[in-house]
Amino acid sequence: MKELAKAYEASKYEKEIYQTWEKSGYFNPDNLKSKGKPFTISLPPPNATGILHLGHATMLAVQDLIVRFQRLGGRKVLWLPGTDHASIATQNVVEKKIWEEQKKTRFDIPRDEFVRQVAEFAENSRGTIKNQMRCMGVSCDWSRDRYTLDAGLSQAVREAFVKLYKDDLIYRGKRIVNWCTRCGTTLADDEVEYKESVGKLYYIKYGPVTVATTRPETKLGDTALAVNPDDERYRHLVGKEFDVTLGKVKVHVKVIADKIIDKDFGTGVVGVTPAHSVLDYELAQKYHLPLKIVISKEGTMTEEAGIYTGLKVKEARGKFVADLGEQIEKIEEYKHNLSICYRCSMPIEPMPLEQWFVAVDKPFRLNWFKKTTLKQLSLEAVRSGQIKIVPDRFEKVYYQWMENLHDWCISRQIWFGHRVPVWYRKNIQNESEIYVGVESPLGDGWQQDPDTLDTWFSSSLWTFSTLGWPEQTKDLQTFHPTSVMETGYDILFFWVARMILMTKYILRQVPFRTVYLHGLVRDKQGKKMSKSLGNGIDPVEMIEKYGADALRLSMVIGNTPGNDFRLYEEKIAGYRNFVNKLWNICRYILLSVNDVRVVENVPESKTLADKWILSRFRQIADLVTNKIEDFQFSEAGEALYDFTWHELADWYLEVAKLEGEKDKILSYLLTQLLKLWHPYTPFITEVLWREAFGEKTGLLMVQPWPQNLPPQNNEAEKKFDVIKNIVIGIRNYRSENKILSTQVLSVAIIKADNLSSEASKIIEGLRTKVILVAQPESSWKKLEIGKVILAISS
RNA sequence: GCGCGCAUAGCUCAGUGGUAGAGCGUUUGCAUGACACGCAAAAGGUCCCAGGUUCAAUCCCUGGUGCGCGCACCA
């Protein structure tokens, strides 16, 4: 007989238990004795910017649940952790810090020195976040921890770039790209966010016509006017060229006609600004119009803008509108989407720049008999069922996005990240030479491309670069394709789609078999948690207060795949209470059972209650196994919660107090219950396993998942339910009639089918305060409970 | 413009073609072989609205309303 403390204090055990796990070596699949099939999850690497937030905590809780379930199930489990250098995000944090401390921008510091500072910051953050991850109880293999800037991963990046380049799937070209004037870099299309805003639509008298625009200052860069060919109002102008004075500036335009112009929008005439609009750029190419760049990368007006040169875009707009004066016919309110940067929320300027792109629609030879494009390859991976997305509605979302995908701009003017593996020089004849390679070229005069690669380029290789590619390592053969990719739906495009694209291209394999998407964490009002709103909950603080197990439960139970969920402290506290319940179930078993030990074989059942609880256990164990395999973690957890508290604790333990001699059964139930709970609440179950069974039995984390299950016994369940209902009925009767607990009632059972001979002991014993008698008196009240009829003395 | 999600108890959310569920909160009673982070009981629902299919709809179909989201467009 052992005695546990009255209440479980998570903070007393968690650190030590985690260390025990880590020291055991079982996080590393090489040390598992299992001969099972490999099971792999690549951890979506958190950004190296700082601290663990609830989004991370959610993904860690779900992944650790899956991973521990599979490990107990005998699979050779690898959960590979890592961190992402997150170029723009990380660089931004450091830029901000430097500005606050020294009032300097990155351009005031040598590039090498700046990169060194960012790298140092990232290194510290990585250490912090990894320790915070440990607090969650993650059973990942730290010996295989990776960082996107590791030498090996950097080599993988260069190899991938070169391979794409050789297949003509990477090219350098001048295109209108998204330029963030704050971050000083280009962005991919999906890195642009849209914010609805009410702007002004200016109608400007423009030579013989009137043109509507939301951005008057860009009209300085107009080189044409466009109308619809069917628009009779303007047909006479098509093909003509003329000079127009706009305020104090002259522009020269040619009138073109194209079906793309909407007759009914504005005046039906568009001022074509090839340098600052994607659509206009396309028109310019089609009709060979000149390009006039009036906005610079810094967000100021260029020399082409005449008297407005040097002004910021907004200032130029004000001044220009003032100068236009009477030429402005009217101003309308106009709702439109403002493009902003997903990292800094500042407006995006479209502008033509020479950048590196991945060609997604260009056919290439996949093998001897098949030509395809990166886009087709990515679509097929999901359409064919090689990859399943859970919940499946996101498959449609994936198709839609993938079908709309344009060439992917991968070069960034950021300094922190993987340098583009391209070098340039002038040869003796003064011709430009270009070298693209994994290693820097030999010989003098080579200058490396100053740009770095999109951070998502390196993370698109994550599932295999972390396993050693381009080397054909044993890990790569054993653990790839990975089994499950678990992540938030918000990075389906940024990351998941690009992993599919790159992995299919480079390895001709899928990166993973199943994509499980969880929802986003929100606060109690359903708002997104953010620093600026101050509504965020710090997971580490919650762990200190309530324990990691409670936090994990609060994120897994009551949460369905792909749907956002609300998290708040009371919820976590509620699950803390449950964790304590589990502790006390064990505490009671340890107090009442003489010889507690691991029992794997199904024990003999002596009483009806025994048969009932074993039958119920059987069903719960099956359900938990099936639901977890089917990614329904919430349903499995809820059912197990209900069984543990409201069947085992509320009923069986109470009956056990009456019947006695339950050593074997209670040992069995404890053994198996701890296993079932372990994926959800690893800390407390591991503590209880050790407290109950001792260290010689080994760690719970590598025990076998419940295998020898008792038979289902419907008959026993029905019979026990009859007794339960009688007990509930009597308690209910007492409560409704406000009968004092000191008053003992007499009860006669008048009619009852299927009533077990063991019933009377239970009915009298479970705090009903009744005495069962054979014959009722005539004055007694009748009480019907289902098919049972009782008579109760009043 | 195209597409998606949600709407169920006061709150947060599960769920199912057949009697509607949990946790929290509320009310009432309680020291009982472990647990007050507890025990026992209760109240609380037009399952958003209108049609349709069905013997039967909260669930399936059609249309609508409200909230949220993604993509595209954005002169």
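Heads up: the first sequence is residues -1 to 792, going by this note's numbering.
Cβ atoms here follow ideal geometry from the backbone N, Cα and C, with glycine treated the same way.
Fair warning: this is a prediction, and the values are worked out from it, not measured in the lab.
CA-to-CA distance, residue j to residue i, given in whole angstroms
i: Glu437; j: Arg114; result: 22 Å
i: Lys780; j: Ile747; result: 10 Å
i: Gly125; j: Glu118; result: 11 Å
i: Val434; j: Trp413; result: 19 Å
i: Ile587; j: Ala5; result: 15 Å
i: Glu693; j: His54; result: 32 Å
i: Gly524; j: Asp390; result: 24 Å
i: His334; j: Pro214; result: 15 Å
i: Val256; j: Asp106; result: Residue identity check: residue 256 is Asp in the sequence provided, not Val. Approximately 47 Å between the Cα atoms of the pair.
i: Glu296; j: Glu302; result: 15 Å
i: Asp188; j: Asp405; result: 11 Å
i: Tyr544; j: Glu99; result: 37 Å
i: Arg729; j: Lys717; result: 19 Å
i: Thr265; j: Ala210; result: 7 Å
i: Leu30; j: Asp139; result: 12 Å
i: Ala149; j: His478; result: 21 Å
i: Gln411; j: Leu451; result: 9 Å
i: Glu652; j: Thr81; result: 50 Å
i: Ser777; j: Asn599; result: 52 Å
i: Leu686; j: Val594; result: 12 Å
i: Met699; j: Phe631; result: 18 Å
i: Gly197; j: Gly304; result: 25 Å
i: Tyr396; j: Ile387; result: 9 Å
i: Val190; j: Thr307; result: 27 Å
Same chain only: Cβ atoms within 6 Å of residue i, ignoring 5 sequence neighbours per side
i: Ala634; result: Val622, Lys625, Ile626
i: Ile583; result: Ala647
i: Lys785; result: Asp751
i: Val91; result: Thr47
i: Ile385; result: Ala379, Val508
i: Ile611; result: Tyr650
i: Pro43; result: Gly80, Thr81, Asp82
Where the alpha helix (DSSP H) containing residue i begins and where it ends
i: Tyr731; result: 712 to 734
i: Gln353; result: No alpha helix (DSSP H) contains Gln353, which is instead part of the beta strand (DSSP E) from 346 to 356.
i: Ala582; result: The sequence given here has Asn at residue 582, not Ala. 567 to 590 is the extent of the alpha helix (DSSP H) around Asn582.
i: Phe67; result: 52 to 70
i: Thr669; result: 661 to 675
Residue span of the beta strand (DSSP E) that contains residue i, given as start and end
i: Thr38; result: 36 to 40
i: Val190; result: 190 to 204
i: Trp177; result: 168 to 178
i: Trp413; result: Careful: Trp413 lies outside any beta strand (DSSP E) and carries neither H nor E.
i: Gly125; result: Segment 109 to 133 is the alpha helix (DSSP H) holding Gly125; no beta strand (DSSP E) there.
i: Val225; result: 222 to 225
From the options, residue whose alpha carbon lies closest to that of residue i
i: Leu218; options: Phe318, Val768, Cys178, Lys198; result: Phe318
i: Lys179; options: Val597, Cys342, Asn557, Glu542; result: Per the sequence shown, the amino acid found at residue 179 is Thr instead of Lys. With distances taken between Cα atoms, Thr179 lies closest to Cys342.
i: Leu707; options: Tyr16, Lys749, Ser776, Arg616; result: Arg616
i: Lys526; options: Leu565, Val380, Lys203; result: Leu565
i: Cys133; options: Glu189, Thr216, Thr38, Glu20; result: Glu20
i: Asp719; options: Ala3, Lys284, Gly72, Leu606; result: Leu606
i: Thr38; options: Lys394, Asp62, Thr695; result: Asp62
i: Thr461; options: Glu12, Arg511, Leu440; result: Arg511
i: Gly415; options: Pro479, Ser603, Leu147; result: Leu147
i: Trp493; options: Met400, Arg765, Val554; result: Met400
i: Glu347; options: Thr371, Leu375, His274; result: His274
i: Lys369; options: Ser337, Pro559, Asp165, Asn557; result: Asp165
i: Gly534; options: Glu542, Ile541, Lys522; result: Lys522
i: Leu41; options: Gly34, Ala59, Tyr24; result: Ala59
i: Leu50; options: Asn129, Tyr204, Gln325; result: Asn129
Same chain, Cβ closer than 7 Å to residue i, neighbours up to 5 away in sequence not counted
i: Tyr573; result: Ala548, Leu551, Ser552
i: Ser85; result: Arg410, Ile412, Phe414, Gly415, Thr450, Thr453
i: Ile408; result: Trp354, Phe355, Val356, Leu451, Asp452, Phe455
i: Glu762; result: Val768, Ile769, Leu770
Chain-order list of residues whose beta-carbon lies under 8 Å from that of residue i (same chain, five-residue window excluded)
i: Lys660; result: Ser590, Val591, Asp608, Ala654
i: Arg142; result: Asn26, Leu76, Leu78, Pro79, Thr464, Asp473
i: Leu162; result: Ile168, Val356, Tyr503
i: Glu542; result: Ser9
Near the ligand MN: residue i beta-carbon under 8 Å from a heavy atom
i: Lys193; result: With respect to small molecules bound, the structure shown includes none, and the ligand MN cannot be examined in it.
* beta strand (DSSP E) segments (min. 3 residues) lying fully within the segment 482 to 528 -> 510 to 516
* Asked: Can you give, in chain order, each stretch of the beta strand (DSSP E) that sits fully within the segment 290 to 356 and has at least 3 residues?
  -> 326 to 339, 346 to 356
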